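Everything on this sheet refers to the single structure shown next.
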Amino acid sequence: MSAPNTTADFRANAAKAVRDPVLQKALGNLRSGFQANRARARAALPEFDALRDAAVEIKEHSLDHLDLYLERFEAQVIANGGQVHWCRDAAEARAAVRRICDAAGARNIIKGKSMVTEEIGLNDDLAAAGLKVLETDLGEYIIQLRDEMPSHLIAPAVHLTREQVADSFTENHDRAAGAPAPEAPDDLLAEARRVLRREFLDADLGITGANFLIAETGAAVIVTNEGNGDLSRLLPDTHIVVTGIEKVVPTQEDAATLLRLLARSASGQELSAYTTFAAGPARPGDADGPAAFHVVLVDNGRSRLLGGEFRDILRCIRCGACLNHCPVYGAIGGHAYGWVYSGPIGAVLTPALLGLEGSADLPAASSLCGRCEAVCPTRVPLPELLRRWRRRSFAATDPAASDKSPAARRAYAAWGWLARRPRLYGVLLDLAARGLHRLGGRRGYMARLPFAGGWTAARDLPAPEGRGFQALWAKDARARTAAKPTPAPEPGKRP
Amino acid sequence: MLAGRATETGHPMNENPPRVGLLVTCLVDLFRPSVGFAAVRLLEAADCRVEVPRQTCCGQPAYNGGDEDTARALARAMIDALEGFDYAVAPSGSCAGMAVVHYPRLFATDEEWGPRARALADKTFELTRFLTDIAPRPIPPADHDGPVAYHDSCAGLRELDIRDQPRALLDRVRGLELRVPEDAEQCCGFGGTFCVQYPDISAHMAAAKVEALAATGADLVLGGDLGCLLNIAGKCSRDGRPLRARHVAEILAGMTETPAIGEGGAG
Amino acid sequence: MTATENPGRAALLADVRRALGRAGASETHHAAVAARLETRLRGPIPARTALPWDGLVDLFVTMSEQVGVEVRRLAKLDEVPGVFAARLAALEVGGGQVMAPHPLLRGLPWPGNDAPRAGPARGDDRAALTLAAGAVAETGTLIFVSGPEHPSNLAFLPELQIVVLRGGDLCATYEDFWDRRREAGAPTPATVNMITGASRTGDIEQIILLGAHGPKRVEILLVDDAPQAS
Chain A
0 MSAPNTTADF
10 RANAAKAVRD
20 PVLQKALGNL
30 RSGFQANRAR
40 ARAALPEFDA
50 LRDAAVEIKE
60 HSLDHLDLYL
70 ERFEAQVIAN
80 GGQVHWCRDA
90 AEARAAVRRI
100 CDAAGARNII
110 KGKSMVTEEI
120 GLNDDLAAAG
130 LKVLETDLGE
140 YIIQLRDEMP
150 SHLIAPAVHL
160 TREQVADSFT
170 ENHDRAAGAP
180 APEAPDDLLA
190 EARRVLRREF
200 LDADLGITGA
210 NFLIAETGAA
220 VIVTNEGNGD
230 LSRLLPDTHI
240 VVTGIEKVVP
250 TQEDAATLLR
260 LLARSASGQE
270 LSAYTTFAAG
280 PARPGDADGP
290 AAFHVVLVDN
300 GRSRLLGGEF
310 RDILRCIRCG
320 ACLNHCPVYG
330 AIGGHAYGWV
340 YSGPIGAVLT
350 PALLGLEGSA
360 DLPAASSLCG
370 RCEAVCPTRV
380 PLPELLRRWR
390 RRSFAATDPA
400 ASDKSPAARR
410 AYAAWGWLAR
420 RPRLYGVLLD
430 LAARGLHRLG
440 GRRGYMARLP
450 FAGGWTAARD
460 LPAPEGRGFQ
470 ALWAKDARAR
480 TAAKPTPAPE
490 PGKRP
Chain B
0 MLAGRATETG
10 HPMNENPPRV
20 GLLVTCLVDL
30 FRPSVGFAAV
40 RLLEAADCRV
50 EVPRQTCCGQ
60 PAYNGGDEDT
70 ARALARAMID
80 ALEGFDYAVA
90 PSGSCAGMAV
100 VHYPRLFATD
110 EEWGPRARAL
120 ADKTFELTRF
130 LTDIAPRPIP
140 PADHDGPVAY
150 HDSCAGLREL
160 DIRDQPRALL
170 DRVRGLELRV
180 PEDAEQCCGF
190 GGTFCVQYPD
200 ISAHMAAAKV
210 EALAATGADL
220 VLGGDLGCLL
230 NIAGKCSRDG
240 RPLRARHVAE
250 ILAGMTETPA
260 IGEGGAG
Chain C
0 MTATENPGRA
10 ALLADVRRAL
20 GRAGASETHH
30 AAVAARLETR
40 LRGPIPARTA
50 LPWDGLVDLF
60 VTMSEQVGVE
70 VRRLAKLDEV
80 PGVFAARLAA
90 LEVGGGQVMA
100 PHPLLRGLPW
110 PGNDAPRAGP
120 ARGDDRAALT
130 LAAGAVAETG
140 TLIFVSGPEH
150 PSNLAFLPEL
160 QIVVLRGGDL
170 CATYEDFWDR
180 RREAGAPTPA
190 TVNMITGASR
200 TGDIEQIILL
210 GAHGPKRVEI
220 LLVDDAPQAS
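Following this line, the structure appears as structure tokens:
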């Protein structure tokens, strides 16, 4: 069982989101920020597309040999002095982390940002066991205060304004009685830094994710801009890396290729501020570093994906570019998707990990504009994967797995029946053109039309010109052939 | 009375003009035959002989809706109708994209229809691309007074890489001033059945697109896909914006006597 | 817990193999993995790094400045203590100072008892003097390697970090750095930090702010005369 979700409320959530002025203001920052920055970074690197091709090759090779690279990675981690835990599902992963915490006698846990720990519902589980778990990535920290899910892959608090952040700090931080938190962003950051610095120093165990795992050296690559992942690793006695199994790549060189794409695709930076290769516990004699190092490998549906038609999604390196360029995400934000993963990647991954029942709207709510695929550093064919979910949805007998109401399904079936019958189709189309043209009247459009409420709620429907094109063409052709003798058809050509 | 009927251009055609089958598209068929006639006029001006085989729909709504059976049935009918021509041309990036990119996928493992789909894909083109890159003769320059914004359809852009071709054609339109909207490549929110299945999201995207187009100061939006243009025109109309929309073929063919999309005045 | 005590291990690997359509791994698969790990093929290397050493230094300085990191070029290592003190004064940074307990830094001509404390950083340290193990011109990136003589936390706890970088330690690319370490037979360290700019966040309204949890400011002292890292 994974973290709870509200995917079945997608339509209601989306409707609320497009009408939420605070959210819309926050989402507006995405276009001028992430989109423009990525474009600039790409323009500054002529090798960008060649790197994408190399990245595809690295990921495909790694996935083709995933078992062997995981084994090699494990051997290296052990040689470095660490331990590896293999977990088939969320429950096993949570149990493994709890066991490690128990063995370490840990009470105060600090965390770097990790989507997979959200996926498996780790924080709630540890809290239920009486352990204190604090998110240290500023965005994750803020949403933890607000008890919300992240709304973006790399910018979890992108949906919030500074006023909302200040409110959360006012409610949760110890402060002189009555004094509200400042609203200026740098003051907010200074306050968060002070509060979290104390927590960093007090923590006895740190949990991070990993962007990549390097089989060659047994290193977990941890990428942040804040340095919170590093503090989570370096200050406490125990460092746990929780990671999906698909993150492993063969060599440091392979990691370098992927790293060249990651920050540029995510935020337009050449490289994130902190790219860390965490390969085990401190060595004997090291001046600092964790005494114990654990890697918790999580499957939770990934091996099933590996063997199926959605395998390509395992190439995702969690950069968030697809979210940043998706007009649907840009309209509704991440929470409307109802779970940990949002945007185009979420629309593919959520039904894969949770099942199509209840999440069928996610892959259907897309105009298939293709921008996601165009910006994906590892060329994941997202529109095609969305279509594959739609095929399953269409074929599903369980109505919860369908994105269309029974009435809509009947309408599509009727249209499909008609479209297979060209003469009848042509006659009815011509009739419809005449009828709708008349309904449009002198204005030339219809503000209301039965069965077209979806369109006319926010748009007028331009009226047809009044006849079907093929009807007119046929009429015109008859007029032309009536005026001239029909030429004999040339041999071998159609008349 | 309908205006914009295709007429002979009056110049002598060469001995063996390429035979072009017009892929009408159901939106042109139902909503705006002027676009079809403009396309025919342009193709004839470019020295092609145009025929319109009986057809219904390229199958895209079914295909995008996950109904591969219906999509294949409609695809077979379309392949049947068009494969006998030298070229198939559609005044639409998304319908052309359907034939070029997706028909081969639909029949990837089909021994009979796979080769036929691939053969058709090789000779199917979106209109502006055909006129710029393939047609035997350039079309004569047209005239248009005033500022115009061009909207690229997502399918045209990303499936067929059509970006330069319409602009190259518009460049030769005397008096036309091309304006570029912000976020020019952002989807307008049509997306076929998407716009009626997820109307809230679609309307939001349409509003953003129309805002950006209006901000250019252009009084006319042109595009290569009627679906986008109906969406944009419908939103402009509802919002009371003075921005009008036409298919790019209408301007290129000099056929602007008809009212713009969603504009009244026709009898 | 060793590998064999892991109950989920065999099942997980079996799931992976089943997904890949095979029961085990053949000779070919093992050979492919071995070859890949042996060859360590590089991906496309940005052409901007194909420069002679002087050009690389210029590139490094440009890229560093692009991320807000000032680079001062020193002719001699001995100049470091003076510049360190001057920078602290100019930036008005008081409070605890700490430096990496590396012989190269300890052996500098520190005036009197003014050498920063040598060792790991503490919560109240405000400034650190660190020694880079390498740097990458391609992106203006500094590299630190954990060890007895270099606590990793120096690069994270204090607000101001001043980094001594020996010119000979500058590499064109990340790959060159890894190659150098391999050639030197260096074992895999516990922690390698590749650092590009100061700590930052955009989590509040996408506005970039410095000093999120790590340093607010990073400066580099690029020394020409010092020997390369051993």
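First to last, the sequence lines map onto chains A, B and C.
Quick note on numbering: numbering that gives the first Met the number 0 labels position 373 of the first sequence as 372, and the sequence is numbered without any gaps.
Quick note on numbering: numbering that gives the first Met the number 0 labels position 243 of the second sequence as 242, and the sequence is numbered without any gaps.
Quick note on numbering: numbering that gives the first Met the number 0 labels position 91 of the third sequence as 90, and the sequence is numbered without any gaps.
Backbone N, C-alpha and C fix where the C-beta goes; we use that ideal spot for every residue, glycine too.
Just so you know, these numbers come straight off a predicted model, no measurement behind them.
Nearest-angstrom beta carbon gap, residue j and residue i [assumed within contact, 8 Å]
i	j	result
Thr349(A)	Ile206(A)	In fact, because the Cβ distance is near 23 Å, the residues do not count as touching under 8 Å.
Val79(C)	Gly166(C)	No, Val79(C) and Gly166(C) are not in contact; Cβ-Cβ is about 14 Å, not under 8 Å.
Leu212(A)	Phe72(A)	5 Å
Ile219(C)	Val56(C)	That pair is no contact at about 11 Å.
Cys227(B)	His150(B)	6 Å
Gly279(A)	Pro198(B)	In fact, because the Cβ distance is near 54 Å, the residues do not count as touching under 8 Å.
Contact check, residue i vs residue j, beta carbons under 8 Å
i	j	result
Arg93(A)	Asp48(A)	no
Leu159(B)	Arg128(B)	yes
Ala156(A)	Asp202(C)	yes
Leu417(A)	Pro463(A)	no
Ile221(A)	Gly228(A)	yes
Ala214(A)	Pro184(A)	no
Asp203(A)	Ala105(A)	yes
Val66(C)	Gly146(C)	no
Ala114(C)	Glu148(C)	no
Asp142(B)	Gly174(B)	yes
Ile142(A)	Pro149(A)	yes
Arg125(C)	Gly93(C)	yes
Ala387(A)	Phe309(A)	This sequence places Arg at residue 387(A); Ala is not what is there. Cβ distance < 8 Å, so Arg387(A) and Phe309(A) count as in contact.
Leu219(B)	Arg245(B)	yes
Val179(B)	Thr131(B)	no
Simplified DSSP state of residue i, which is helix, strand or coil
i	result
Leu40(C)	coil
Ala53(A)	helix
Met77(B)	helix
Ala219(A)	strand
Trp472(A)	helix
Thr5(A)	coil
Asn210(A)	coil
Phe84(B)	coil
Glu125(B)	strand
Gly174(B)	strand
Lys483(A)	Residue confidence for Lys483(A) is low, a pLDDT of 48 falling below 50, so the modelled location carries little weight and cannot support an answer.
Minimum C-alpha distance to residue i - residue among the options
i	options	result
Gln163(A)	Pro181(A), His151(A), Ala154(A) and Arg174(A)	Pro181(A)
Val132(A)	Glu190(A), Phe199(A), Thr6(A) and Phe168(A)	Phe199(A)
Ala87(B)	Gly113(B), Thr192(B), Thr123(B) and Leu26(B)	Thr123(B)
Gln268(A)	Asp19(A), Ala189(A) and Asn36(A)	Asn36(A)
Gly155(B)	Asp182(B), Gly261(B) and Asp224(B)	Asp224(B)
Gln82(A)	Pro289(A), Asp88(A), Pro20(A) and Arg145(A)	Pro289(A)
Glu82(B)	Gly20(B), Arg71(B), Asp68(B) and Ala38(B)	Gly20(B)
Met254(B)	Asn15(B), Asp46(B) and Val34(B)	Val34(B)
Asp360(A)	Pro280(A), Asp8(A) and Asn4(A)	Asp8(A)
Ile133(B)	Leu119(B), Gln164(B), Arg157(B) and Tyr149(B)	Gln164(B)
Gly329(A)	Ala207(B), His150(B), Pro198(B) and Gly222(B)	Ala207(B)
Ser264(A)	Ala410(A), Thr377(A) and Arg389(A)	Thr377(A)
Leu90(C)	Thr129(C), Glu158(C), Gly23(C) and Arg121(C)	Glu158(C)
Arg86(C)	Gln160(C), Arg17(C) and Ala120(C)	Gln160(C)
Asp66(A)	Asp429(A), Tyr444(A) and Leu296(A)	Leu296(A)
Check: residue i C-beta below 7 Å from any heavy atom of the ligand SAM
i	result
Leu133(A)	Looking for the ligand SAM in the displayed structure turns up nothing, as the structure carries no ligands at all.
Span of the alpha helix (DSSP H), counted from its first residue to its last, around residue i
i	result
Arg303(A)	Arg301 to Leu305
Gly95(C)	Element bounds for Gly95(C): not the alpha helix (DSSP H) but the beta strand (DSSP E), Gly95 to Met98.
Val426(A)	Pro421 to Gly439
Range covered by the beta strand (DSSP E) that runs through residue i
i	result
Lys15(A)	Run containing Lys15(A): none in the beta strand (DSSP E); it sits in the alpha helix (DSSP H), Phe9 to Val17.
Val39(B)	It is not in any beta strand (DSSP E) - Val39(B) instead sits in the alpha helix (DSSP H) that spans Pro32 to Ala44.
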